[in-house]
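In the working numbering, the protein residues as written are 4 to 440. Okay, structure first, notes after.
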């Protein structure tokens with residue numbers, strides 16, 4: 004969020020590395036509901052572990068998402084020029100091999116997390132034997148692996164920790180370097196454009212060199228530090244057709260989202276530089292009224308985003324991890340027994356809706372327009388292989404975007420109307436919306 008939303012750039016410009024906040028007070032449980040709260044916590048964990056995401060992450064970490072995502076055509080390979088890998092590469096990047104054979108590992112849970120899906124690891128074999136660092140998450144495994152033509156998990160572990168130590172956003176770096184590699188392959192650029200670095204698919208040493216140059220704005224790194232979209236336009240030629248970004252230059256999460264409709268659309272309309280709502284391409288959510296997945300973009304995708312966005316943003320207000328989400332009903336119940344409150348599910352969804360509208364108006368005031376809710380040329384291309392071969396959101400995008408605006412109570416330009424703001428208790432910002440009329 005800090006990197007993608009621009010806050011990190013502002014902090015960096017001020018030489019501010021972090022803001023540390025330390026609290027010493029207790030977090031009290033409502034005295035009349037202590038036993039209820041303890042029981043609610045146990046049920047929460049049971050529900051979270053029973054979801055498809057929870058079961059995978061709890062046992063296998065996010066590495067366990069790699070193979071099922073590949074089988075659905077959602078793993079980016081060589082800058083989305085394909086999404087299919089040979090069996091040998093899949094075996095090398097399998098969570099079981101990595102956790103049980105490649106690594107010595109020590110669990111390193113996030114604060115107060117019972118899943119403990121993160122590990123500190125030491126590579127036991129191969130060229131990068133002895134490397135110690137953080138276990139790659141799924142997006143790093145995909146983004147620093149197949150998206151760069153690299154299938155050595157030891158190398159991915161090394162590059163992951165190098166990039167972390169350099170303090171750069173993995174999403175932007177992944178799609179930036181893959182774009183450059185494709186540009187080299189197609190003759191749009193060459194190593195002379197890259198300070199003599201031979202940035203071809205799978206060239207691990209070249210990637211390491213480029214990462215260091217970007218972090219220091221050294222030579223060509225000064226151009227590349229602008230990110231995917233700006234680099235493509237600076238280099239010219241056909242590079243912009245290869246660039247992977249949403250809105251006006253934000254690199255999306257490291258998937259091939261061209262047929263993962265919800266993942267693509269929720270980042271296109273997002274005000275948070277991440278996924279504002281939830282992807283429902285391959286699952287349903289009866290609690291929100293969706294009994295079938297959005298297998299095609301016209302299949303109520305707009306309505307799904309209009310309903311899942313408030314849910315997710317309410318959950319973000321509670322500051323818990325998406326991996327450990329339980330049912331909305333139980334989330335609200337747990338909050339009530341903790342605080343002694345009596346919030347309804349609808350009241351909590353209204354909180355999330357208020358968040359989205361407040362974010363939207365802020366961005367509108369700062370210059371966001373309808374045409375910024377968009378995606379790059381590459382993300383509209385039809386996959387040439389895999390389960391989503393030949394499909395694209397292009398034919399239906401304008402219609403889905405318009406339907407989403409309407410479902411949110413916004414005008415045809417994507418600006419919240421005064422009636423929506425009044426209903427949400429945001430009447431005080433109506434003037435900021437009117438400015439853009």
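Quick reminder that beta carbons are idealized off the backbone N, C-alpha and C, glycines included.
Cβ distance (whole Å) where residue i is taken to contact residue j below 8 Å
i, j, result
"residue 262", "residue 386", "7 Å"
"residue 32", "residue 341", "6 Å"
"residue 229", "residue 216", "Actually they are not in contact, since the Cβ atoms of residue 229 and residue 216 sit about 13 Å apart, beyond 8 Å."
"residue 412", "residue 420", "6 Å"
"residue 122", "residue 104", "So it is not a contact: roughly 14 Å between Cβ atoms."
"residue 388", "residue 87", "5 Å"
"residue 375", "residue 251", "6 Å"
"residue 321", "residue 360", "The Cβ separation is near 19 Å, so there is no contact."
"residue 177", "residue 146", "3 Å"
"residue 218", "residue 169", "4 Å"
"residue 1", "residue 66", "The requested residue 1 is not part of the displayed model; the chain covers only 4 to 440."
"residue 362", "residue 275", "7 Å"
"residue 246", "residue 175", "The Cβ separation is near 11 Å, so there is no contact."
Three-state class that DSSP yields for residue i in the structure shown
i, result
"residue 485", "Residue 485 is absent from the model: the chain starts at 4 and stops at 440."
"residue 29", "coil"
"residue 303", "coil"
"residue 264", "helix"
"residue 413", "strand"
"residue 347", "coil"
"residue 418", "coil"
"residue 338", "helix"
"residue 160", "helix"
"residue 173", "helix"
"residue 257", "coil"
"residue 215", "helix"
"residue 275", "coil"
"residue 17", "coil"
"residue 154", "coil"
"residue 313", "helix"
"residue 58", "helix"
"residue 149", "helix"
"residue 98", "helix"
"residue 112", "coil"
"residue 52", "helix"
"residue 38", "helix"
"residue 398", "helix"
Cβ shell of residue i (< 7 Å), same chain only, five flanking positions each side left out
i, result
"residue 172", "6 and 7"
"residue 344", "338"
"residue 264", "284, 297, 300, 304 and 396"
"residue 84", "185"
"residue 417", "373, 376 and 408"
Close-in-space but distant-in-sequence residues of the same chain around residue i (CB under 6 Å, 5 per side omitted)
i, result
"residue 9", "none"
"residue 410", "305, 306 and 309"
"residue 240", "191"
"residue 242", "186, 191 and 235"
"residue 57", "51"
"residue 378", "249 and 271"
Residues bridged to residue i [DSSP beta-bridge criterion]
i, result
"residue 378", "249"
"residue 293", "288"
"residue 106", "126"
"residue 136", "124"
"residue 84", "Partner(s): none; residue 84 has no beta bridge."
8 Å CB neighbourhood of residue i in its chain, flanking five on each side removed
i, result
"residue 260", "77, 266, 267, 270 and 382"
"residue 332", "290 and 348"
"residue 95", "154, 155 and 156"
"residue 422", "412"
Length of the line joining the Cα atoms of residue i and residue j
i, j, result
"residue 301", "residue 98", "35 Å"
"residue 15", "residue 163", "21 Å"
"residue 319", "residue 149", "31 Å"
"residue 365", "residue 356", "14 Å"
"residue 111", "residue 181", "30 Å"
"residue 414", "residue 273", "17 Å"
"residue 203", "residue 179", "13 Å"
"residue 151", "residue 36", "53 Å"
"residue 132", "residue 107", "11 Å"
"residue 100", "residue 353", "45 Å"
"residue 296", "residue 312", "16 Å"
"residue 284", "residue 73", "15 Å"
"residue 248", "residue 79", "13 Å"
"residue 199", "residue 214", "14 Å"
"residue 222", "residue 238", "14 Å"
"residue 60", "residue 53", "11 Å"
"residue 17", "residue 23", "16 Å"
"residue 391", "residue 210", "30 Å"
"residue 27", "residue 115", "16 Å"
"residue 400", "residue 406", "10 Å"
"residue 102", "residue 125", "10 Å"
"residue 109", "residue 41", "29 Å"
"residue 220", "residue 20", "18 Å"
heavy atom of the ligand FMN below 6 Å from residue i C-beta
i, result
"residue 184", "Of the ligands one can find in the structure shown there are none, so the ligand FMN has no counterpart to examine."
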